[in-house]
Amino acid sequence: MGYLKLLVVKDFKSWRGEQLIGPFMRFNCIIGPNGSGKSNIMDAVSFVMCEKISNLRVKSVRELIHGAHVGKPVSSTASVKMVYCEEDGEEKTFSRVIRGSCSEFYFNDKSVSRSAYISELEKVGILVKARNFLIFQGTVESIAMKKPKERTQLFEQISNSWEYAEDYEQKKKKMQQAEQDAQFNYNKKKSVAAERKQAKMEKEEAEHYQMLLKELDEERIQRQLFRLYHNEKHIDFQKKNLDEKNMEASIKKESLSAAEDAFRAKKKVLGVLNRDQQNMEKEMKTLEASLIQQRPLYIKAKENTSYQIKKVEMSKKSLRDKEKSCDKEKQNIKELEIELDDIEKAWRAFEKKTEEEILKRAARVELGDRQLERYKELKEIARKKVATLTQQLEKHRWEDKADQERLKLNQRKKQEVQENIKRAVEQIEEHKKRIEKLEEYAKMCTESLAEKKQQEEVLTKEVENATKRMAEVNEELNKIVGELQNAKIDYHEGRRQQMKAEILESLKRLYPDSVFGRLLDLCHPIHKKYQLAVTKVFSRYMTAIVVATEKTAKDCIRFLKQERAEPETFLALDYLDVRPINEKLREIKGAKMLVDVVQTPFAPLKKVIQFVSGNGLVCETVKEAKQIAFDGPVRLKTVALDGTLFLKSGVISGGSSDLRVKARCWDEKEMNKMKERRDSLIHELKDLMKIKRKETDLKQLYAQCHGIQMRLKYSQTELELIKKKHLANLYTEKSKLESELVNIESQHDMLNEGIAQRKEKIEEFQKKINEAEDAVFREFCEEIGIENIRVYEQEHVRQQEEIDKRRLEFENQKTRLNFQLEYNRDHLQKLTNAVSKLRETIRKDEAEIIGLQKDEEKFLKKVNELAKEQEHLKDRLNVHKSEVIKTQKEVEELRKTMLALNREATKLQKEATAIETSLEEKRLRRHNMLLECKVQDLKIKLLFGSLDDISEIELGTETEGTETTSSIYGREEAIQIDYSSLAEDLKELESHKEIEDHLNQMQQEIKAKENTLMKTAAPNLRAGEKLQIARDKFQESIDAFESSRKEARTCKQEFEEVKKRRYELFSRCFEHASVAIDQIYKKLCRNNSAQAFLSPENPEEPYLEGIGFNCVAPGKRFMPMDCLSGGEKSVAALALVFAIHSFRPAPFFVLDEIDAALDNTNIDKVSSFIREQAHERFQMIVISLKEEFYSKADALIGVCPERDDFMFSQVLTLDLTQYPDTDDQERKEKHKHSSVSE
């Protein structure tokens, strides 16, 4: 291949006079400061290669003359001359001279036309339009970022397929027009064929029309005969059925009448028995009344006797108690004073807490700010308006409250006095019996106490053990429940999961030694953090069933098919092809082998885990997983803890919520175990609770022992007091208490009267205040939607009332304690006075006991006589009741029989009515069918009567039962129809469904024929003539269609030829570039992992659509071209440029500052590649400002600026081959044949 030897410029842009640039070597770099004119060399080369003037950074050709840019051109002409040397040493010169506003072209110093000039350039491999010999400054990245369509145009220019573009479009339009003409003629032929067919159909329809009319009338007659036949058949059946139902109803009515007579007779007997029973019960009540009257007298006499005996005993006891009570009262007074102090402290604390709550409650406002301000204003108006009434009301309420407190105090005093009177009476009655019982009771208590103590010891030990164990169980149970709640597991197996579990259990039963279970049940991650990662890698194998052999797996699959169960995945241990583990992967920092984070107690399962996991690695973060997967010398399969999976192919699969749901299966396994443990603990806890509930029994034992001890103590004390002291002056104390009670009751009546009067006044004042407030708040209440303002305030008032209620409780407790304290002090004084009176009382009571015992014996005798008489009457009443019950059962049986007969008779009557209704309906239908035949003039054959006898009144359900209807039905029953023309199979139909189905079928056939007649037009008399015309037109359309189809076929063949030539040229270039670009890009990157590829958007006709261009830089994942860095884009663009250039390479390549966006590493790679290409393939001329680049050139061409009136450029050359570097020897050997002397 030849090369550019020299470039001679004269007065061109910044070059003054005639300047010789060169000689050029295989790899040349043009260097110099900015603004010195380096790019003008590029413009000179472009100019002499016929580049457009607009691409040379000027507007007109005159501006290319030196000095023209400042308005001082040094000459009227300028020229650029290129000396090109062929491989055999032959030199060719190409010159372009500016004369005026035009350019002249010279080849070998001979003037030629522009087209001849371009042709000579193409002969040496320079394509002007494709611009395959230069890259302008700043266009490197734009080449990579070209739009797909622009990239297609570049390929068309390089491949010359653009030359066929115009012819392609013309042929395509001509082909489309021919196809449209052919389609038009085809549609026309179809239209004419349809007209011919229509004419033929009109002729056939005219012949067919009369036949349809005849068939339609016949089918209508058959349908009406069919309906009438089965209607009469149903009428006869209903008449017979009606007679049977009427007979059955008559029989049932007779049975019902007999049952009613028997029921009335039995009920009369029951009435007599009930009256006798009532008389006996009345007599019984009389005896009971007498017994009730006498028994209290006896009891009263007995109680009086007992009372007097107890009274004496209690008087003696009371004497002892009084002295003891004095000491006890002193102790009580001291305790009451302490309790009173505690109440006051609690009250103060409550008031403090109430103040805090009021402050908090004030912050909560239910109304809006504006409404609240309005409420406060209205409340202030209402307060001023009712101020006087409010003061009076509050005065009355305080007075009422004071009276209420006094009333409650009086009630408490009255209750206490009544209790004291009762207590005094009980003491008098009980003292007489007390001494005898106390000694016996003390002995019994001692024995019971020893027994209870023994039971207490046994039960105490049992409860203590249960309590200790319950604490342990509760602690463990709380822990398990907490874990279950934290896991948020609500695992309820649906029907589908349940069926899958049942299938697995069935397989285990069938093959117990070969089916091991599902993979997720046989293994688990060593830590919860690995669950998502393991779930992602296991994927579809999570629920796979592990079996021993391939045969077992096939048998299981056969079983699933038989059971029609869902498909399952089986992992057979003897069938798995497991790859060996790469032990070196365990040495990678920040990653673990997936097989190392899954553990299983089942040793053979390790083979399955190894098969599913492979040599996958688990990393802590996504960043680490990505780095280990793609940045190493070999791509690896990695997965992050969040489930992001990186495959060797470059596919990245992220985690998802669905993955988290699947990963819950590991938790569910643990949850199932915890649930089983939870259920076990709950069951144990229930058993322990049963023992713990015995604590109540233990407490009862404690209480019983304590009670027995206390009762024993009290009994002994009481026994001692009763024996040593006498009942004294209890009656005197009772008399004083009764006097005190009378005084209290009189005070109580006075307070009640005052409260009642004051309540009326309070209600009157409250009513006036409410009326005044309602007047003020009326509009406000309507605004907020309440009845009155008290509805709103009650919520706040209620809270205040609760506080007042609590204050009142404190006040009541304080009042009660003060009163109790006062009472205890008074009682202490009374006890002291009562001791002296008890002895006199005991003496009088003992004399009275003797008379009371005589009265008791008399009343006892009378009571025994009445009780004996009552028992005899009770026996007689029981016998009579049995007889009444028996009679009631007989009456009930008769009632049931009567009701059953009545229901049956009613049912039969309803059935008969229904049959009559159905019969009338059938008669109505027969009338309407006959009327329809008459109106439609259907000629049905009659054996007797005439259709003229049919009334033309169309009957309906509203006319039934009238005389007109009956007479019409009577006349129509005389009409007999001849059904001989009706088919026998139609007569034999029985079921209603068959009849209706056949009737619908007949109706559909009639309707179809009616529709056919409606759609069929009247016969056309000229149908034959019309048919002949249509046939002639059809033949003409066939001829036109065949002609247009041949023309379309010819056009398509011509288009396919042009398309084929264009496709072959384009594809040859594209396929060459597609293969070359990847190799070139790898060489530029010095890395075989780098990838570059071209992809057509339209593979069938790629020149019609765009061409995609993508690169994958070494160590990076795939990304769009616009996401690459500037250096990466430049390298990618150069790869594309060199790939295209390699298809139709120019003998030299001029590049302007292609290293602008490259870093040192990429400069080294690109410069090495260019040097290699320059020495092996074609000459390179590069404009560069970077030493790292031009230091590797064979020759440097330095451009420096000089100034006088304006700047002009000078040129210096330097042969770098004289200064060898480390690659010098190799470079000399490769390129000695292409060296150029200076």
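For the sequence shown, the residue numbers in my numbering are 17 to 1254.
Glycine included, every Cβ here is placed at the ideal spot set by N, Cα and C.
Quick check: the region 621-628 against the region 641-651, are there 3 or more CB pairs under 8 Å?
With the cut-off at 8 Å, the region 621-628 and the region 641-651 do not touch.
What does V1166 pair with, by DSSP beta-bridge criteria?
In DSSP, V1166 forms a bridge with L150 and I1197.
For E34, which of helix, strand or coil comes out of DSSP?
Three-state DSSP puts E34 in a strand.
Would you kindly report the start and end of the unbroken alpha helix (DSSP H) that includes A569?
From DSSP, the alpha helix (DSSP H) with A569 extends over E566 to E579.
State the Cα-Cα distance for the pair H543 and V655, rounded to the nearest angstrom.
When rounded, the distance between both Cα atoms is 16 Å.
May I ask you to list the residues that DSSP assigns as paired with P164?
Note: P164 sits in no beta bridge, so no partner.
Give me, in chain order, the residues of the same chain whose beta-carbon lies closer than 7 Å to that of L963; leave out the 5 immediate sequence neighbours on both sides.
Once the five neighbours on either side are set aside, the close Cβ partners of L963 are L946, C949 and K950.
In terms of residues, what are the limits of the alpha helix (DSSP H) holding M1030?
From DSSP, the alpha helix (DSSP H) with M1030 extends over H1008 to K1031.
For the 8 Å Cβ check, are there 3 or more pairs between the region 597-610 and the region 574-588?
Because the criterion of three Cβ pairs below 8 Å is not met, the region 597-610 and the region 574-588 do not touch.
Ignore the nearest five residues each way along the sequence and tell me which others in M558's own chain have a CB closer than 6 Å to its CB.
Around M558: L536.
Are the beta-carbon atoms of A1106 and P1130 separated by less than 9 Å?
In contact: A1106 and P1130 (Cβ atoms closer than 9 Å).
Determine, using beta carbons only, whether Q387 and E799 come nearer to each other than 9 Å.
Yes, Cβ-Cβ distance for Q387 and E799 is below 9 Å.
Evaluate G666 with the Cβ neighbour count: other Cβ atoms within 10 Å of its Cβ, from every protein chain shown; 16 or more gives buried, anything less gives exposed.
Exposed, by the Cβ-count rule.
Can you give me the C-alpha to C-alpha distance between I57 and L36, rounded to a whole angstrom?
About 11 Å.
With a Cβ-Cβ cutoff of 9 Å, do K545 and L657 count as a contact?
Yes. Within cutoff.
Measure the Cβ-Cβ separation of D871 and A317 and say whether it is below 9 Å.
Yes, Cβ-Cβ distance for D871 and A317 is below 9 Å.
A1162: beta carbon under 8 Å from a heavy atom of the ligand NAP?
You won't find the ligand NAP in this model; it holds no ligand whatsoever.
Which runs of the alpha helix (DSSP H), 4 residues or longer, sit entirely within the region 517-566?
The qualifying runs are 535-538 and 547-554.
What does DSSP give as the partner residues of L20 in its beta bridges?
Answer is Y100.
Ordered along the chain, which non-local residues of its own chain (more than five positions away) have a Cβ less than 7 Å from that of E355?
Only L833 meet the Cβ criterion.
What residue range is occupied by the uninterrupted beta strand (DSSP E) comprising N44?
It spans F43 to I47 - the beta strand (DSSP E) in which N44 sits, taken as one unbroken run.
What number of angstroms, rounded off, separates the C-alpha of T585 from the C-alpha of K642?
Distance between the alpha carbons of T585 and K642: 31 Å.
Leaving out the 5 sequence neighbours to the left and right, which residues in its chain are closer than 7 Å to T978 when beta-carbon positions are compared?
Only weak support exists for where T978 lies, its pLDDT of 45 falling under 50; the value from the coordinates is given anyway. Taken in chain order, the list of residues that qualify is empty.
For P1161, tell me which candidate among E1117, R823, D1221 and A1092 has the shortest Cα-Cα distance.
Nearest option by C-alpha distance: A1092.
Look at the Cβ atom of C1181, then the Cβ atom of V1128, and state whether they are nearer than 9 Å.
The identity of residue 1181 in the sequence shown is Lys, whereas the question assumes Cys. Contact: no.
Tell me the start and end of each unbroken alpha helix (DSSP H) in the region 406-431 that is at least 4 residues and wholly inside, in chain order.
As far as the region 406-431 is concerned, it has no whole alpha helix (DSSP H) run of at least 4 residues.
Would F1125 and R78 be called neighbours here (beta carbons separated by less than 9 Å)?
No. Outside cutoff.
Within a Cβ cutoff of 8 Å, which residues of the same chain sit near V900, ignoring the five residues on either side of it in sequence?
For V900, where only same-chain residues beyond five positions count, the Cβ hits under 8 Å are L286, L289, N290 and Q293.
Using CA coordinates, which residue listed in D612, L80, T565 and S158 is at the minimum distance from G116?
Per the Cα distances, L80.
Smallest Cα separation from E1010: which of M65, D27 and R243?
When only C-alpha atoms are compared, the closest one is R243.
Looking only at C-alpha atoms, which of E421, E932, F279 and Q186 sits nearest to K905?
Minimum Cα distance to K905 is reached at F279.
Between the C-alpha atoms of L1002 and K938, what's the straight-line distance to the nearest angstrom?
C-alpha separation (whole angstroms): 19 Å.
Please report the residue range of the beta strand (DSSP E) in which I114 lies.
E107 to R115 is the span of the beta strand (DSSP E), which, as asked, contains I114.
At a cut of 8 Å, does the region 1149-1169 reach the region 137-155 through at least three beta carbon pairs?
Touching, per the Cβ criterion.
Beta-carbon within less than 6 Å of S1158's beta-carbon, same chain only, minus the 5 sequence neighbours each way: which residues are those?
A1092.
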